[in-house]
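Enquirer: So the mapping is simple: our numbering equals the position in the sequence shown, first residue as 1, plus 436. Please see the structure below; I have some questions.
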Amino acid sequence: MPARTDNVTDPQLAASLLLMRRGQAVWARQLAELPDDRFDEPSLLPGWTRRHLVAHVGFNARAVARLVEWARTGVENPMYSSDTQRAEEIAFGATLPVEALRHLAAHAAVHLDVEWRDLPEAAWLHQVRTAQGRLVPATETVWMRTREVWIHAVDLRNGASVRDFPDVLHDLLLADLIKVWTRKRTATTPDIILAPTDRAETFSLLSEGGAAASEPLVIVGSAADVVGWGIGRSMRGVATASGGEPPRPPDWL
Ligand code: ZN
């Protein structure tokens with residue numbers, strides 16, 4: 437095979453790509469370990485079998501690759517033409533034979549990685565639009581995919597756990613939870629303080645001016661378990677400041 441490497445020289449971006457590739461490897465391993473006759477069983481996501489999940493992760497790689505291509509060519513290339521198209525694609529994908537699903541997962545991931553590898557350094561700062569309509573630099577596509585592969589490996593429900601994520605990913609997800617909750621905040625969103633017991637800092641979603649209208653919801657537990665709660669995947673190992681069971685978190689993605 438010809439020796440090919442990333443065009444990236446920025447150490448932070450190189451580290452981001454590495455974290456994504458570790459997650460892709462975990463996702464691929466969990467998928468490889470899943471026997472063909474277990475694809476019809478439910479995933480951790482409501483209403484989705486493992487088939488839907490595998491189709492989604494494959495089509496997500498293609499969608500993210502469209503954004504990277506957009507950054508490279510300057511020609512607008514949205515992730516999905518509509519929410520309907522995205523949903524129909526997943527529904528169709530779930531009907532594919534298992535072998536085709538495995539092929540989709542592997543091939544789409546390789547294609548995305550090639551798009552990143554070949555993206556010229558300057559093009560990483562070109563703006564592209566997320567499925568939610570936000571304009572972001574192409575560097576953000578790495579984080580978008582990082583969240584997908586690591587978390588959906590857990591959603592596959594065959595052994596991967598949020599507790600096994602690297603510490604740096606827990607930290608990034610704690611910060612991302614606050615960022616996204618802040619963006620999506622509504623009148624009914626409570627003030628929240630994430631207080632991981634194995635971290636020096638807390639992560640807060642507080643009202644403007646910092647003066648909470650009511651007592652903020654404090655979530656205590658290991659960083660891993662606070663993340664598991666925040667991303668809506670697990671209730672284990674977390675408690676409120678008074679030791680009670682926390683409510684469901686606000687919607688994240
Ligand atoms: Zn997803």
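Beta carbons: idealized from backbone N, C-alpha and C, even for Gly. Computed from a predicted model, the values in this text were never measured in an experiment.
Please report how far the alpha carbon of Val444 lies from the alpha carbon of Gly459, in whole angstroms.
Expert: Rounded to whole angstroms, Val444 to Gly459 spans 19 Å at the Cα level.
Enquirer: So Arg565 is in the beta strand (DSSP E); what residue range does that whole segment cover?
Expert: Where Arg565 is concerned, the enclosing beta strand (DSSP E) stretches over Gln563 to Arg565.
Enquirer: Return yes when the C-beta of Asn436 is under 7 Å from any heavy atom of the ligand ZN, and no when it is not.
Expert: Nothing can be reported for residue 436: it is not among the residues displayed for the chain, which extend from 437 to 689.
Enquirer: Is the closest heavy atom of the ligand ZN to the C-beta of His588 under 7 Å?
Expert: Yes; taking the cut-off as 7 Å, the Cβ of His588 has a heavy atom of the ligand ZN nearer than that.
Enquirer: Please classify Val662 as buried or exposed, where buried requires at least 16 neighbouring CB atoms within 10 angstroms.
Expert: It counts as buried.
Enquirer: With distances taken from CA atoms, which of Leu537, Pro682 and Leu481 is nearest Pro750?
Expert: No answer is possible for residue 750: it lies beyond the span of the chain, which begins at 437 and ends at 689.
Enquirer: Exposed or buried, what is Val598 when buried is set at 16 or more other beta-carbons lying within 10 Å of its beta-carbon?
Expert: With 16 or more other Cβ atoms within 10 Å, it is buried.
Enquirer: So does the region 574-591 actually touch the region 466-480, counting three or more Cβ pairs closer than 8 Å?
Expert: Flag = yes, the region 574-591 and the region 466-480 touch.
Enquirer: Name, in chain order, the residues that DSSP records as bridge partners for Gly657.
Expert: DSSP, once it has assigned bridges, lists Pro632 as partnering Gly657.
Enquirer: Contact between the region 648-657 and the region 577-585: three or more CB pairs below 8 Å?
Expert: Result no; under three Cβ-Cβ pairs closer than 8 Å.
Enquirer: If you check the beta carbons only, do Arg486 and Arg474 fall under 8 Å apart?
Expert: Cβ atoms of Arg486 and Arg474: closer than 8 Å.
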